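First the structure, in the form of structure tokens, and then the observations on it.
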Amino acid sequence: MVSGRVIRFDGTRGYGFIAPEDGGEDVFLHVNDMLIPESYVRSGTALEFEVEDGDRGLKASSVRLATNPDGSPVTPPAAAGNTGGNSAARPAQSDDTLCDALSRAQYLREVTEVLLESAPTLTGTQIVQIRNRFLQVAQGHGWIEG
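Reminder that position 64 of the sequence shown reads as 78 in this note's numbering, one-by-one numbering, no gaps.
Structure representation (structure tokens):
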């Protein structure tokens, strides 16, 4: 069994990704491979799982909550019906290494600052084009709110 934490999980689409504790490639998580209720899975949830080679990379199977030596879950499960559609915007409060999803405006400010710092010769038009494409990708992955 491998241990890791959920990076993001989209309950509407039924999939997400897990970061293994020992590092390495993120592992795909699908609702059909979970041995726990879907409502328990949110960003930051500690899981134990088997790793398989899937069609597009590593895939988790036999997914269950990680437990402490006393048998209690490492991350308490979310209350049923309290996770909303996309739980990626609400990381576990107990893990300081995770951050909240950014608002659209915050995300665009961050991307703009990175572009200006990394490539100061970009024109305003180029920055807007690149920012908009990054925004589309971020929204598609649930990295930003809204």
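Yeah, the Cβ is synthetic: ideal placement off N, Cα and C, and Gly gets one too.
Keep in mind the model is a prediction, meaning the values are calculated, not measured.
Contacting residues, own chain, Cβ-Cβ under 7 Å from residue i (five flanking each side not counted)
i	result
Leu49	Ser76, Val77, Arg78
Val125	Arg145, Phe148
Gly68	Phe42
Val128	none
Pro134	none
Asp40	Ile21, Phe31, Ile32, Ala33
Ala152	Tyr121, Ile158
Three-state secondary structure (DSSP) of residue i
i	result
Ser132	helix
Thr126	helix
Glu66	strand
Ala80	coil
Phe148	helix
Gly71	strand
Val41	strand
Ile50	coil
Asn100	A caution first: Asn100 carries a pLDDT of 41, below 50, which makes its placement in the model unreliable, though a value can still be read off. If DSSP states are grouped into helix, strand and coil, Asn100 belongs with the strands.
Inter-residue CB distance, residue i and residue j (contact presumed, cutoff 8 Å)
i	j	result
Gly156	Asp24	6 Å
Ala74	Ile32	6 Å
Glu62	Ser17	5 Å
Ala60	Arg19	5 Å
Enclosing beta strand (DSSP E) for residue i [first to last residue]
i	result
Val16	16-24
Gly30	29-34
Sequence-distant residues of the same chain with beta carbon closer than 6 Å to residue i, five excluded per side
i	result
Gly95	Reliability of the predicted coordinates at Gly95 is poor, the pLDDT of 45 falling under 50, and the value obtained from them is presented with this limitation in mind. For Gly95, where only same-chain residues beyond five positions count, there are no Cβ hits under 6 Å.
Ser108	For Ser108, the predicted structure reports a pLDDT of 41, less than 50, and the residue's modelled location is therefore unreliable. A value from the coordinates is still provided. Answer for Ser108: no residue qualifies.
Ser132	none
Arg70	none
Neighbourhood of residue i by C-beta, 8 Å cutoff - its chain only, sequence neighbours within 5 removed
i	result
Tyr29	Phe23, Phe42, Leu43, His44, Val45
Asn82	Val88
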